[in-house]
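Numbering (this note's numbering), first residue to last: 269 to 486.
We put the beta carbon where it would ideally sit given N, CA and C, even for glycine.
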Amino acid sequence: MPLFADLNDRALTALARASRAWRVPKGKTLFNQSDPAEAVYVVRSGCVAILLGSLDGRELVINEMRAGDCFGELALVTGQPRSTSAVAREASEVISIPREAFLAELEAEPKLMRHVLETTARRLRVSSERESALAFLDAPARLAQVLLRLDRQASTDGYMTISQEELAQRVGLARQTVAKTLGQWRRAGWLLTGRGKIVLLNRAALRRQVEEPEQSMR
């Protein structure tokens, strides 16, 4: 796991002794936005979504953590409440490291501190890209961008398994808006949808939607 790379045996042993591995069923919330930060988490298997809630009750998926990913460390370092929520997207197994044990090793091990800073910098860059998309791209362009990214991450099955509700959470749109846009693209022959699956047929058209949103549907 990148966060713990190059740590000495003493530090790894201390973290391992303080840690707890536990299974998380699909849909279970690990922590909520504004909760006190009591532990840092590592995904051993499965997928955990990091969600940002809005005042009107909507949720935006800002990241997904998979095997080997660590999350929740920033709130421990700053001493602030959780700025996001974490929910298991599928049956998962996570390792939790209590706040006291993690901070003790963070102070004792400069390498761990450096890895935390590197991880934070990468996530800030991704966050900046997402904020730029929300600020400068219209709704169809944002949806096309997310579909293309998910397509690159998809397995060799040739399709993505995702519901319209989950897509809406990723793009920050109402589900009705996502459904309407997908319907337009399905009729245009850009993609196929059915039973929670999406197959992209015309990736070039979707890329044009991102690059030239005003001209792409003409």
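For A356 and G314, which I take to be in contact (beta-carbon distance under 8 angstroms), what is that distance rounded to the nearest angstrom? Here residue 356 refers to the residue found at position 88 when the sequence shown is read from its first residue. Here residue 314 refers to the residue found at position 46 when the sequence shown is read from its first residue. Indeed they touch by this definition, with Cβ atoms about 6 angstroms apart.
Between the CA atoms of A409 and K448 - distance to the nearest angstrom: As a working note, residue 448 is residue 180 in the sequence shown. As a working note, residue 409 is residue 141 in the sequence shown. Taking the straight line joining both Cα atoms gives about 14 angstroms.
Where does T346 land, buried or exposed, given buried means 16+ other C-beta within 10 angstroms? For the purposes of this step, residue 346 is taken as the residue at position 78 of the sequence shown. Classification of T346: exposed, given that the 10 Å Cβ count is below 16.
Take E479 as the anchor and find which of Q432, D406, A422, R463 has the nearest alpha-carbon. As a first step, residue 479 is located in the sequence shown; it is residue number 211 there, counting from the start. Nearest in C-alpha terms to E479, of all of Q432, D406, A422, R463, is D406.
Determine the contact status of S287 and A354, defining contact as a CB-CB distance below 9 angstroms. For the purposes of this step, residue 287 is taken as residue 19 along the sequence shown, with counting starting at 1. For the purposes of this step, residue 354 is taken as residue 86 along the sequence shown, with counting starting at 1. Taking a C-beta distance under 9 angstroms as the contact criterion, S287 and A354 do not qualify as a contact pair.
Run through the region 335-398 for me and flag every whole beta strand (DSSP E) of 3 or more residues, listed as ranges in chain order. Fully enclosed beta strand (DSSP E) runs of 3 or longer: 353-356, 360-366.
From what residue to what residue does the alpha helix (DSSP H) around K448 run? Counting from 1 along the sequence shown, the entry for residue 448 is found at position 180. Per DSSP, K448 belongs to the alpha helix (DSSP H) from 443-455.
Restricting to Cα atoms, I'd like to know which of M269, L275, D303 is closest to A376. Here residue 376 is taken as the residue at index 108 of the sequence shown, counted from 1. Relative to A376, the option among M269, L275, D303 whose CA is nearest is L275.
Nearest-angstrom Cβ-Cβ length linking A282 and R312, presumed shorter than 8 angstroms: Here residue 282 refers to the residue found at position 14 when the sequence shown is read from its first residue. Here residue 312 refers to the residue found at position 44 when the sequence shown is read from its first residue. In fact, because the Cβ distance is near 19 angstroms, the residues do not count as touching under 8 angstroms.
Is it true that the region 464-474 meets the region 414-433, where meeting means three or more beta-carbon pairs spaced less than 8 angstroms apart? Segments in contact, yes.
Continuous beta strand (DSSP E) stretch holding R312: start and end: Along the sequence shown, read from residue 1 onward, the residue named residue 312 stands at position 44. Unbroken beta strand (DSSP E) run through R312: 307-313.
Answer yes or no: do S364 and K294 have a C-beta to C-beta separation smaller than 9 angstroms? Position 96 of the sequence shown holds residue 364. Position 26 of the sequence shown holds residue 294. A distance of 9 angstroms or more separates the beta carbons of S364 and K294.
Pick out whichever of V329, A343, H383, R326 has its Cα sitting closest to the Cα of D303. Here residue 303 corresponds to residue number 35 of the sequence shown, with the count starting at 1. Answer by Cα proximity: A343.
What's the gap between the Cα of R476 and the Cα of Q421? Sequence index remark: in the sequence shown, residue 476 carries index 208 (1-based). Sequence index remark: in the sequence shown, residue 421 carries index 153 (1-based). When rounded, the distance between both Cα atoms is 20 angstroms.
Could you please give the first and the last residue of the uninterrupted beta strand (DSSP E) stretch that includes L468? Residue mapping note: residue 468 aligns to position 200 of the sequence shown, counting from 1. Secondary structure note for L468: its beta strand (DSSP E) is the uninterrupted segment 465-468.
To which residues of the same chain is D337 closer than 6 angstroms at the C-beta, ignoring the five residues directly before and after it? In the sequence shown, the residue the question calls residue 337 occupies position 69. So the list reads V311, once near-sequence residues are dropped.
Nearest residue (CA-CA) to A473, options Q413, L441, E434: Taking the first residue of the sequence shown as 1, we reach residue 473 at position 205. If we check each option's Cα against that of A473, Q413 comes out closest.
Quick one: is L264 buried, meaning 16 or more other Cβ sit within 10 Å of its Cβ, or exposed? Any property of residue 264 remains undetermined from this structure, which presents the chain solely from 269 to 486.
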